[in-house]
Amino acid sequence: MAKDSESRREGLLVQAVNPVDGKTCTVQISHARMQTVATRGLIHASECGYIVPAILRGPTAIFEGLRREEDEDQWGVGWRCYCGVPSCSYRKDGTKGPSYPGQVYLVFVNSDGVAYNWRWEKADEDNQKLPVGHADRFKRRLL
Amino acid sequence: MNTVSENDFATKVMSLVNPEEPFKPVATYDRDGDCIEFLMRPDAFYAERVDDLVTVYYSQDTKEVIGSLIKGVSGFCANVLKKLPGFRIDIIDGRVKLVHIFRAKLWSSERDPVAGKTVTYRKLIEAAEESELDVEAESCVS
Numbered sequence: 001m002a003k004d005s006e007s008r009r010e011g012l013l014v015q016a017v018n019p020v021d022g023k024t025c026t027v028q029i030s031h032a033r034m035q036t037v038a039t040r041g042l043i044h045a046s047e048c049g050y051i052v053p054a055i056l057r058g059p060t061a062i063f064e065g066l067r068r069e070e071d072e073d074q075w076g077v078g079w080r081c082y083c084g085v086p087s088c089s090y091r092k093d094g095t096k097g098p099s100y101p102g103q104v105y106l107v108f109v110n111s112d113g114v115a116y117n118w119r120w121e122k123a124d125e126d127n128q129k130l131p132v133g134h135a136d137r138f139k140r141r142l143l
Numbered sequence: 001m002n003t004v005s006e007n008d009f010a011t012k013v014m015s016l017v018n019p020e021e022p023f024k025p026v027a028t029y030d031r032d033g034d035c036i037e038f039l040m041r042p043d044a045f046y047a048e049r050v051d052d053l054v055t056v057y058y059s060q061d062t063k064e065v066i067g068s069l070i071k072g073v074s075g076f077c078a079n080v081l082k083k084l085p086g087f088r089i090d091i092i093d094g095r096v097k098l099v100h101i102f103r104a105k106l107w108s109s110e111r112d113p114v115a116g117k118t119v120t121y122r123k124l125i126e127a128a129e130e131s132e133l134d135v136e137a138e139s140c141v142s
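Line by line, the protein sequences give chains A and B. 1 is the number of the first residue of the first sequence in our numbering; add one for each residue after it. 1 is the number of the first residue of the second sequence in our numbering; add one for each residue after it.
Okay, structure coming up:
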């Protein structure tokens, strides 16, 4: 699991819902991660710049403890996944497009409070606000 | 470290984009997630989990495989080096070819690969071979 590192110390903090008390907490996004997505162009920069903070601030669900199929039962303890349905997607020129039907947006946050990955995934057929397989992928639902 | 507003955060991220710079396929190791992310094209994508290690990225436009996320890299490397010590010679100057990581995952599996997963791994191996990408292997040698 990731330890405190340079990338942990260098970044920006954005507001997020704290699922423990319903109040606000902060989540960090490292400069290195921002640089990485910026080199991928306007779609990925726009998702990072606009969708990620919106999901952190207004998720439809928050899960904790990312499961693995093999060994290391404790892996992922304290790691959270914020889930939401964005109001739009982004095109290659950075303009807004419609949201992808049947998909949700997930933001993964490690136990140090660093958001390290985010992406679209298919939604659960029975609940379009949750990711497919949510019952098996996470240890518990916090929100 | 200060908390920034959503507007300021978006402004900062968008200011890092250079629209004139052509996209290059890239594989990066992220310490915060202990994961390797690999992207061949700048398309929007959606992700599907293949197994405990690999999540595959599909283009929203074409549905083709355009990248992947390899999770739990340090633990995976430790296990592979135990089972397949020869993997160490694929780590050259602190870097390892992405294709070797996918192959090591398949070859070190103790279960018969499920047919659908094998096809996905084959696509990822082909994509990794085609791109000839390597990645920092710090987490594999520490």
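We treat Cβ as the ideally placed atom computed from N, Cα and C, and that holds for glycine.
State the Cα-Cα distance for the pair residue i and residue j, rounded to the nearest angstrom.
| i | j | result |
| --- | --- | --- |
| T55/B | G22/A | 31 Å |
| S87/A | K122/A | 16 Å |
| A127/B | V14/A | 35 Å |
| T95/A | K83/B | 49 Å |
| S108/B | R122/B | 15 Å |
| E48/B | Y58/B | 8 Å |
| D73/A | N18/B | Per-residue confidence for D73/A stands at a pLDDT of 44, beneath the threshold of 50, marking its modelled position as unreliable; the derived number appears in the next sentence. Cα to Cα, D73/A sits roughly 43 Å from N18/B. |
| S46/A | V13/B | 8 Å |
| D8/B | H31/A | 14 Å |
| D93/A | K63/B | 20 Å |
| L133/B | G33/B | 20 Å |
| E6/B | A115/A | 15 Å |
| G116/B | G113/A | 35 Å |
| R31/B | G67/B | 19 Å |
| A27/B | G58/A | 31 Å |
| E69/A | S111/A | With a pLDDT of 45 at E69/A, under the threshold of 50, the modelled position of that residue is not reliable, and no figure is offered here. |
| R103/B | N2/B | 43 Å |
| Y46/B | S131/B | 20 Å |
Report the residue from the options whose alpha carbon sits nearest the alpha carbon of residue i.
| i | options | result |
| --- | --- | --- |
| D51/B | T118/B, E37/B, S59/B and F38/B | T118/B |
| V107/A | K139/A, P131/A and E10/A | P131/A |
| I125/B | E136/B, C77/B and L106/B | L106/B |
| V104/A | N127/A, S46/A and R140/A | N127/A |
| K129/A | Y100/A, H31/A and W79/A | Y100/A |
| I29/A | S111/A, A45/A, E10/A and G102/A | E10/A |
| G97/A | Q60/B, P85/B, L133/B and I101/B | Q60/B |
| N117/A | A135/A, G58/A and Y82/A | Y82/A |
Beta-carbon within less than 6 Å of residue i's beta-carbon, same chain only, minus the 5 sequence neighbours each way: which residues are those?
| i | result |
| --- | --- |
| A16/A | C25, V27 and L56 |
| Y29/B | I36, V135 and E136 |
| D71/A | Per-residue confidence for D71/A stands at a pLDDT of 40, beneath the threshold of 50, marking its modelled position as unreliable; the derived number appears in the next sentence. Answer for D71/A: no residue qualifies. |
| V4/B | none |
| N18/A | C25 |
Starting from the C-beta of residue i, find all residues in its chain whose C-beta is less than 8 Å away, skip the five residues before and the five after it, and write them out in chain order.
| i | result |
| --- | --- |
| L53/B | I70, K71, G72, F76 and K105 |
| V94/B | Checking the displayed sequence, the identity of residue 94/B turns out to be Gly instead of Val. Cβ within range, chain order: E136, A137, E138 and V141. |
| L16/B | none |
Is residue j closer than 8 Å to residue i when the C-beta atoms are compared?
| i | j | result |
| --- | --- | --- |
| T60/A | V20/A | no |
| I62/A | L12/A | no |
| R91/A | I43/A | yes |
| S89/A | A10/B | no |
| E129/B | V99/B | yes |
| R80/A | V109/A | yes |
Counting only beta-carbon atoms, is residue i nearer than 8 Å to chain D?
| i | result |
| --- | --- |
| P42/B | Included in the structure are the protein chains A and B, with no chain D among them. |
Give me, in chain order, the residues of the same chain whose beta-carbon lies closer than 7 Å to that of residue i; leave out the 5 immediate sequence neighbours on both sides.
| i | result |
| --- | --- |
| M155/A | Given that chain A is displayed from residue 1 to residue 143, the structure contains no residue 155/A and the question cannot be resolved. |
| D124/A | L130, P131, V132 and H134 |
| D90/B | V96, K97 and H100 |
| R88/B | L81 |
| G102/A | K122, A123 and Q128 |
Touching by the beta-carbon criterion (3+ pairs, under 8 Å), the region 30-39 of chain A and the region 16-26 of chain B: yes
The region 51-62 of chain A in contact with the region 31-40 of chain B per 3-pair CB rule at 8 Å: no
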